[in-house]
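*Asks:* Line by line, the protein sequences give chains A and B. If you read the first sequence in this note's numbering, its first letter stands for residue 69, the second for the next number, and so on. If you read the second sequence in this note's numbering, its first letter stands for residue 35, the second for the next number, and so on. Structure below; questions to follow.
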Amino acid sequence: SQQGEEDPQALSIQEGENATMNCSYKTSINNLQWYRQNSGRGLVHLILIRSNEREKHSGRLRVTLDTSKKSSSLLITASRAADTASYFCATALNDYKLSFGAGTTVTVRA
Amino acid sequence: DAGVTQSPTHLIKTRGQHVTLRCSPISGHKSVSWYQQVLGQGPQFIFQYYEKEERGRGNFPDRFSARQFPNYSSELNVNALLLGDSALYLCASSALDRARYEQYFGPGTRLTVT
Numbered sequence: 069s070q071q072g073e074e075d076p077q078a079l080s081i082q083e084g085e086n087a088t089m090n091c092s093y094k095t096s097i098n099n100l101q102w103y104r105q106n107s108g109r110g111l112v113h114l115i116l117i118r119s120n121e122r123e124k125h126s127g128r129l130r131v132t133l134d135t136s137k138k139s140s141s142l143l144i145t146a147s148r149a150a151d152t153a154s155y156f157c158a159t160a161l162n163d164y165k166l167s168f169g170a171g172t173t174v175t176v177r178a
Numbered sequence: 035d036a037g038v039t040q041s042p043t044h045l046i047k048t049r050g051q052h053v054t055l056r057c058s059p060i061s062g063h064k065s066v067s068w069y070q071q072v073l074g075q076g077p078q079f080i081f082q083y084y085e086k087e088e089r090g091r092g093n094f095p096d097r098f099s100a101r102q103f104p105n106y107s108s109e110l111n112v113n114a115l116l117l118g119d120s121a122l123y124l125c126a127s128s129a130l131d132r133a134r135y136e137q138y139f140g141p142g143t144r145l146t147v148t
């Protein structure tokens, strides 16, 4: 079973524009993580936001967390061609299992 | 420092055969997890090992098994392969034993079952 669900499934933007994707989850969490995957290869950890944090920044990335709505958003500002990838949110269902959503595929057009 | 490495990169097997996938974690990481990612979906948890002990198992049949060696490298074994086992198999390592901590993923092994 999947804990997180990303929305939209796919996103196409022009280089320089911002990209926003959302994640909804079902159970209470300790933290929520975002990962990026290029061309079906390994996942790269982007950012981790704890349940007591509402917003976090890392470079051009901004993540928000609303535990009352069980949702998170990832904003990529000033997108570049290299940002073309699939983005996944992930939460730990228990001590050992990380649960991923189906992901949002972002295409940045030159 | 070297990241997580996985071998082989690609593999083609026939239904009914057996396959072994290998993973070497980042130096100093004692936790290794395995995930299966079918095309168009997110990774699905298969196993987690920490300090050579199985800590967790996902909803996969007994055809899937794994182990972790004294040097913390790991093998994932799949017996009696089915067409539905075709997927990208990802290994992730972590310095700590909890899934809520940052996981470092390898490039994956692409398994095709024909």
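Note that CB positions come from ideal geometry on N, CA and C, so glycine has one too.
1. Rounded to whole angstroms, what's the CA-CA distance from residue 65 of chain B to residue 163 of chain A? Just pull it up for me.
2. Counting only beta-carbon atoms, is residue 109 of chain A nearer than 8 Å to chain B?
3. Using the rule of at least 16 other Cβ atoms within 10 Å of the residue's Cβ for burial, across every protein chain shown, is residue 46 of chain B buried or exposed?
4. Please determine, among B:83, B:73 and B:48, the residue with the shortest C-alpha to C-alpha distance to residue 125 of chain B.
5. Beta carbons nearer than 7 Å to chain A: which residues of the region 68-88 of chain B have them?
6. Using a C-beta to C-beta distance shorter than 9 Å, which residues of chain B count as neighbours of residue 149 of chain A?
7. Using only alpha-carbon positions, find the residue among B:52, B:42, B:41 and B:60 that is nearest to residue 138 of chain B.
8. Within 10 angstroms of its Cβ, does residue 62 of chain B collect 16 or more other Cβ (buried), or is it exposed?
9. Got a sec: is the Cβ-Cβ distance from residue 123 of chain B to anything in chain A below 8 Å?
10. Between the C-alpha atoms of residue 142 of chain A and residue 102 of chain B, what's the straight-line distance to the nearest angstrom?
11. Closest to residue 87 of chain A by C-alpha separation, out of A:96, A:77 and A:122, would be which residue?
12. Take the Cβ of residue 137 of chain A as the centre, count every other Cβ of all protein chains shown within 10 Å, and call the residue buried at 16 or more, exposed below.
13. Could you pull the DSSP bridge partners for residue 134 of chain A from this structure?
14. Short of 9 Å Cβ to Cβ, which residues in the region 110-142 of chain B face chain A?
15. Answer yes if the region 97-115 of chain B comes into contact with the region 124-137 of chain A, meaning at least three C-beta pairs across the two stretches below 8 Å, and no otherwise.
16. Among all the DSSP beta bridges, which residues are the ones paired with residue 124 of chain B?
17. Report the CB separation of residue 238 of chain A from residue 173 of chain A in whole angstroms; it is logged as a contact under 8 Å.
18. Taking the alpha carbon of residue 144 of chain B as the point to measure from, which residue in B:131, B:118 and B:130 has its own alpha carbon closest?
19. Give a yes or no on whether the C-beta atoms belonging to residue 81 of chain A and residue 154 of chain A are separated by under 8 Å.
20. Exposed or buried, which one is residue 179 of chain A when buried takes at least 16 other CB atoms within 10 Å?
21. Note down, one range per segment and in chain order, each beta strand (DSSP E) of at least 3 residues found wholly within the region 75-111 of chain B.
22. Give me the subset of the region 89-102 of chain B whose CB atoms are less than 9 Å from a CB atom of chain A, sorted by chain position.
*Replies:* Looking at the coordinates:
1. Roughly 12 Å separates the two Cα atoms.
2. Yes - at least one Cβ of chain B is within 8 Å of the one on residue 109 of chain A.
3. Residue 46 of chain B sits exposed, since fewer than 16 C-beta atoms from the chains shown fall within 10 Å of its C-beta.
4. Ranked by Cα distance from residue 125 of chain B, the options B:83, B:73 and B:48 are led by B:83.
5. Those residues of the region 68-88 of chain B placed with their C-beta closer than 7 Å to a C-beta in chain A are 75, 76, 77, 79 and 82, ordered along the chain.
6. Simply none; closest approach about 21 Å.
7. It is B:60.
8. Exposed.
9. No, its Cβ sits nowhere closer than 8 Å to a Cβ of chain A.
10. Here the C-alpha atom of residue 142 of chain A lies approximately 35 Å from the C-alpha atom of residue 102 of chain B.
11. Cα-wise, what sits closest to residue 87 of chain A is A:77.
12. Exposed.
13. Answer is A:139.
14. The residues in question are 122, 124, 125, 126, 131, 132, 133, 134, 135, 136, 137, 138, 139, 140, 141 and 142.
15. Contact fails between the region 124-137 of chain A and the region 97-115 of chain B, because fewer than three Cβ pairs, one in each stretch, are under 8 Å apart.
16. Per DSSP, the beta bridge partners of residue 124 of chain B are B:69.
17. Nothing can be reported for residue 238 of chain A, as the shown portion of chain A is limited to 69 through 178.
18. Of the candidates B:131, B:118 and B:130, the residue whose Cα lies closest to the Cα of residue 144 of chain B is B:118.
19. Their beta carbons are not under 8 Å apart, which means residue 81 of chain A does not touch residue 154 of chain A by this criterion.
20. Given that chain A is displayed from residue 69 to residue 178, the structure contains no residue 179 of chain A and the question cannot be resolved.
21. Within the region 75-111 of chain B, the complete beta strand (DSSP E) runs of at least 3 residues fall at 78-84, 87-91 and 98-102.
22. Residues of the region 89-102 of chain B with a Cβ closer than 9 Å to any Cβ of chain A, in chain order: 89, 90, 91, 92 and 93.
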